[in-house]
Amino acid sequence: MVRVALISDLHFDVNQTDPVAMVPRQVAYLKQQRVGVYLIAGDLTNHFEQSVQIAESLQRQFAPAQVRFIAGNHDMLHDVTEAALETALTPTYLHHQWLDLPGTNWRVLGNNGWYDYGFADNLTGRNFLAWKNAFWVDGSIPQTLSDAQRFKRVYAQLTAQLAQAQQQDKRVLVMTHFVPRREFILYTQDNRFWNMANALMGSPRLGELFAQYRVAAVQFGHLHRHYWPQHLGDTWYYNQALGYHNRRINEWETLDYFTEWQRRLRILDLN
1 MVRVALISDL HFDVNQTDPV AMVPRQVAYL KQQRVGVYLI AGDLTNHFEQ SVQIAESLQR
61 QFAPAQVRFI AGNHDMLHDV TEAALETALT PTYLHHQWLD LPGTNWRVLG NNGWYDYGFA
121 DNLTGRNFLA WKNAFWVDGS IPQTLSDAQR FKRVYAQLTA QLAQAQQQDK RVLVMTHFVP
181 RREFILYTQD NRFWNMANAL MGSPRLGELF AQYRVAAVQF GHLHRHYWPQ HLGDTWYYNQ
241 ALGYHNRRIN EWETLDYFTE WQRRLRILDL N
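To convert, note that position 169 of the sequence shown is 169 in the UniProt record's numbering; the numbers rise steadily by one, no gaps.
Okay, structure coming up:
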């Protein structure tokens, strides 16, 4: 049995939290809880190099237990290229990689994910790319492929990894940043902004892919709405986003970073 801790959307910089002070506190708590693997589903910071530094610091202090992270859209904003994101930049970076949990039949598959505008199929005749470049933070992410092409690559990567895991009779936990199921998407009658933003949340095609391969568990981030785990078909879906707490936005139920992190952390015992 391996204890696995799930979290995402830590946003150290937006939340004005010093990782040098916070990382040892997280590590101490994870050790106290006998966690063997700590999985972070993206959005550690707005600078990829800083996100890597945090993950590497966690790994050094948490060893021999393991830390793995993927990049969310915020991590992609600075200090990294689209091409570099597709490479094995560091052992803690799990995009297009996997981690087998020792003593179990479980495999963790990591993929940053992307979107294909599929969650905004209720809107017609809209230029989602122009809207993204004008109003959404992702407009500043360096990108050579179209969003459709970038998602197509994600879909192909996960399909190949899931097929291989199935052939090897593995139970699979997928860690991705973007949303894979429509059940987590909010549609409104009067909020045009968020109905447009749904185009950039993820893709329902990933949920269909996970159902096809009967994936046991999926961890994702991106949304800060603090959903409870949901069992959809054969798959448990976990969104353990920490979210924002600053002068403009408060998505927390407590007043300090560490307490909110403890509250949002999900620990699974995988046999």
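We treat Cβ as the ideally placed atom computed from N, Cα and C, and that holds for glycine.
Where residue i falls, given that 16 or more other Cβ within 10 Å makes a residue buried
i      : result
Asn111 : buried
Thr45  : buried
Ala65  : buried
His245 : buried
Arg68  : buried
Leu206 : buried
Trp228 : exposed
Ser146 : exposed
Gly125 : exposed
Gly36  : buried
Span separating the alpha-carbon of residue i from that of residue j
i           : j      : result
Ala130      : Pro24  : 42 Å
Leu123      : Gln53  : 40 Å
Gln189      : Phe119 : 15 Å
Gly103      : Tyr93  : 22 Å
Met175      : Trp98  : 10 Å
Val20       : Trp252 : 22 Å
Phe258      : Gln32  : 15 Å
Asp43       : Asn105 : 29 Å
Val2        : Ala241 : 22 Å
Gln161      : Trp261 : 31 Å
His224      : His11  : 11 Å
residue 296 : Gly243 : No answer is possible for residue 296: it lies beyond the span of the chain, which begins at 1 and ends at 271.
Trp194      : Tyr187 : 8 Å
Asp79       : His95  : 17 Å
Of the residues the options, the one placed nearest residue i, counting alpha carbons only
i      : options                        : result
Leu265 : Ile7, Arg60, Asn122            : Ile7
Thr235 : Phe220, Met201, Arg60, Leu77   : Phe220
Asp256 : Gln230, Val4, Met22            : Met22
Glu208 : Arg182, Ala241, Val80          : Arg182
Arg60  : Pro91, Arg171, Leu85, Asp9     : Pro91
Gln167 : Arg214, Leu232, Arg192, Lys152 : Arg214
Gln50  : Gly36, Asp75, Arg34            : Asp75
Phe210 : Ile70, Asp138, Leu158          : Leu158
6 Å Cβ shell around residue i - same chain, five flanking residues per side excluded
i      : result
Asp100 : Arg107
Tyr238 : Leu6, Gln219, Pro229, Arg266
Leu58  : Val23, Val67
Ala217 : Leu173, Trp236
Residues bridged to residue i [DSSP beta-bridge criterion]
i      : result
Ile7   : Ile40
Met175 : Gly110, Gln219
Cβ-based neighbour list, residue i, same chain, cut-off 8 Å, excluding 5 preceding and 5 following
i      : result
Trp136 : Ala197, Leu200
Gln143 : Glu82, Arg150
Ser140 : Leu77
Leu30  : Ala5, Tyr38, Phe62, Ala65
Cβ shell of residue i (< 7 Å), same chain only, five flanking positions each side left out
i      : result
Ile185 : Phe119, Val179, Asn198, Met201
Val154 : Asn111, Gly113, Trp114
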